[in-house]
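The opening residue of the sequence shown carries number 1 in UniProt numbering; numbering runs sequentially from there. We put the beta carbon where it would ideally sit given N, CA and C, even for glycine. Have a look at the structure below, then the notes.
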Amino acid sequence: MWEVSVCIPPFSDRAHDGLLALDICRGLRPISEVCMPKPFVKLTNRCWDANPKKRPSAHELYETFHKWYWDLKDDVENEITVAFNTADYDCSQLSSPASSRPVTVTHPLAIYTSRLLDFTDLPEPINAPFKRLSVSTTRSIDTITGEEEYVTRQFEEDLVYVPETETISAVTFVPEEKDVYITRQFDTDLPWEGS
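Right under this line is the structure:
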């Protein structure tokens, strides 16, 4: 939504790497433009919420955009049309012709295609309800191969408690096999006394 409103991809001036991902987990978001209507900014911020349950569904977005479109097309006098018309007017007063707008330079490491990034050590996103239990463990498991040799594999396990659903997820990482994670979810009726 932000990109559609300002015609510039988000974070185009930065390398798309682990540092950007870390900053996003810490709450970094693109800056809302002055010319954006307040309801649009509010909906955009909901889309960026760190808690997926607080984000609008695709159906809700469709319904919202559909209503906005028809309210604006039919010139219905309500809060939405006033906000959009005011933003259009304010933007026309502030902006210069498109030809004189500053050209944005895209960072050479700003990559807008799908790729695998290593996010093994990111912190919890800002405003997320997850509580990380201090139960990180490292385990070694000996297995016997066909030739009666013992192979030791090390696992790092982290438990995450989600108070809203009262579930605990165990995320297991296998360091020797890059990008191998095993996730299990448990229901619990343990009271949570986290900070």
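- A straight-line Cα-Cα distance of about 19 Å links P108 and P30.
- Selection K54, D13, D90 and W68 evaluated against P39 yields W68 as nearest (Cα-Cα).
- Across the structure, S114 and H16 are spaced so that their CA atoms are roughly 11 Å apart.
- CA-to-CA, the gap between Y62 and C47 works out to about 13 Å.
- Going by DSSP, C35 is part of no alpha helix (DSSP H) at all; its letter is neither H nor E.
- The alpha-carbon of S12 is positioned some 28 Å away from that of T64.
- In this structure P37 is buried. Its beta-carbon is surrounded by 16 or more other beta-carbon atoms within 10 angstroms.
- Taking each of L20, M1, T44 and C35 in turn and checking the Cα distance to I111, the smallest one comes out for L20.
- In its own chain, leaving out the 5 sequence neighbours on each side, no residue places its CB closer than 7 Å to the CB of D88.
- Counting along the chain, T64 sits inside the alpha helix (DSSP H) bounded by residues A58 to K73.
- D74 and R26 have their alpha carbons spaced roughly 41 Å apart.
- When secondary structure is reduced to three states using DSSP, P30 falls in the coil class, being assigned neither helix nor strand.
- Apart from the 5 residues on each side of it in sequence, M1 sits with its Cβ closer than 8 Å to the Cβ of F40, L43, T44 and C47 in its chain, given in chain order.
- Shortest Cα-Cα distance from I24 to any of F84, A50, S57 and T106 involves A50.
- If you look at V105, you'll find it isn't in any alpha helix (DSSP H); DSSP assigns it neither H nor E.
- V4 and E33 do not touch by the CB rule: their CB atoms are close to 12 Å apart, not below 8 Å.
- Residue range G18 to C25 is occupied by the alpha helix (DSSP H) that includes C25.
- In the same chain as C91, and ignoring 5 residues on each side of it, the C-beta atoms closer than 6 Å to its own belong to C35, in chain order.
- Distance from the CA atom of P52 to the CA atom of V105, rounded to whole angstroms, is 32 Å.
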